[in-house]
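Worksheet for the structure shown next.
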Amino acid sequence: MKNTLPCILLILGISAKTSGQVGIGTNNPSINSVLEVSSTNKGVLLMKNTMSTISAPSPLAAHVKGITTYNISNVNDVSEGLYQNNGTSWAQVAHDIPYGTLSNSFAAADNNGWYLLNGRAVSSLPANAQARAVSLGFTLNLPTADDRFIKTKDTPEALASPSGSSTISLIQANLPNVTFTGSAASAGSHTHIYSDRGAGSTTNSGNGDPNPEADNTSGTYTTQASGDHTHTVSFSSGGSSQQININPSYLVTNVFIYLGN
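One point on numbering: in the UniProt record's numbering, the residue at position 141 of the sequence shown is 141, and numbering is uninterrupted.
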């Protein structure tokens with residue numbers, strides 16, 4: 001037993017100081033560390049395990065806070081990468097992008113778990129991305145972001161529902177309620193001709209006679225109410241019902257949704 005420990009330390013290249021620091025590849029580990037690994041051409045290789053979901057402790061028998069492992073599976077809500085256990089679940093290290101996050105990009109194709117939001121069939125996605133798309137509510141197709149702006153959800157609206165238009169058409173109800181008044185030009189004056197019979201029965205415009213007559217040779221007279229009439233005028237607005245474009249100035253990008261690897 002006396003020779004066992006020195007042999008192990010020699011094989012591992014470990015130097016231990018009386019202060020308690022342990023060095024691998026170094027004879028002078030930092031006094032602030034319990035263990036220091038040093039190399040100019042090698043790295044630390046962690047254990048590789050297969051996880052099933054972030055909520056299950058597997059490959060552990062139970063959740064243990066602080067354990068780190070490299071997961072090699074791509075299933076459910078986990079993808080390949082470095083994971084750390086917080087005592088109740090697994091969390092991917094340096095990964096804080098929730099599935100379903102949208103991002104604008106000049107990239108032209110799917111990349112690193114980001115999928116172009118172009119209305120494609122969910123069945124055309126990789127199996128893991130399909131499962132995450134379904135969990136977000138997309139069972140048949142991803143929505144398309146082609147020629148659309150992104151807006152926040154209004155109360156009655158469904159998430160990912162397309163709506164809106166890039167143009168509008170004005171109708172009469174859109175116009176201001178204004179009454180226009182004015183007078184006819186002097187060139188619009190006119191006369192009505194009648195014949196003065198001078199004596200006898202009276203014929204006036206009330207019965208539709210085109211030549212009304214009065215039975216006195218002089219005097220001032222008022223026509224009957226039945227002689228009231230209107231003049232109709234019409235004019236063109238000059239418009240052509242062209243729609244109004246309401247698109248502001250914009251910069252063209254692609255839109256991607258994050259579904260992981």
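All C-beta atoms, glycine included, are put in the ideal place defined by N, C-alpha and C. Note that this is a predicted model, so its numbers are computed, not measured.
Beta-carbon contacts of T253 that lie in its chain and below 8 Å, excluding the five residues immediately before and after: When the five nearest sequence neighbours on each side are left out, the beta carbons in the same chain lying within less than 8 Å of the beta carbon of T253 are those of N104, S105, F106, in order along the chain.
Check whether residue 285 and I24 have beta carbons under 7 Å apart: Within the shown structure, residues of the chain are numbered from 1 to 261, placing residue 285 beyond reach of any answer.
A91, enclosing beta strand (DSSP E) - first and last residue: Taken as a continuous stretch (DSSP letters only), the beta strand (DSSP E) holding A91 covers 90 to 92.
Secondary structure, beta strand (DSSP E): runs of 3+ residues fully inside the region 43 to 129: With a minimum length of 3 residues, the continuous beta strand (DSSP E) runs that stay inside the region 43 to 129 are 68 to 71, 81 to 85, 90 to 92, 102 to 105, 114 to 116.
Bridge-paired residues (DSSP) for F256: Per DSSP, S103, L116.
Cβ shell of G219 (< 6 Å), same chain only, five flanking positions each side left out: With a pLDDT of only 47 at G219, under 50, the local geometry of the prediction cannot be trusted, and the value read off the model is given with reservation. No residues qualify anywhere along the chain.
Status (buried if at least 16 other CB within 10 Å, exposed otherwise) for P143: With at least 16 other beta carbons inside 10 angstroms of its own, P143 counts as buried.
Contact under 7 Å by Cβ, V93 with L82: In this structure, L82 lies closer than 7 Å to V93 by Cβ.
Exposure of M47, with buried meaning 16 or more beta-carbon neighbours within 10 Å: With fewer than 16 other Cβ atoms within 10 Å, it is exposed.
The region 117 to 133 contacting the region 233 to 244, beta-carbon criterion three pairs below 8 Å: Output reads no: the region 233 to 244 does not touch the region 117 to 133.
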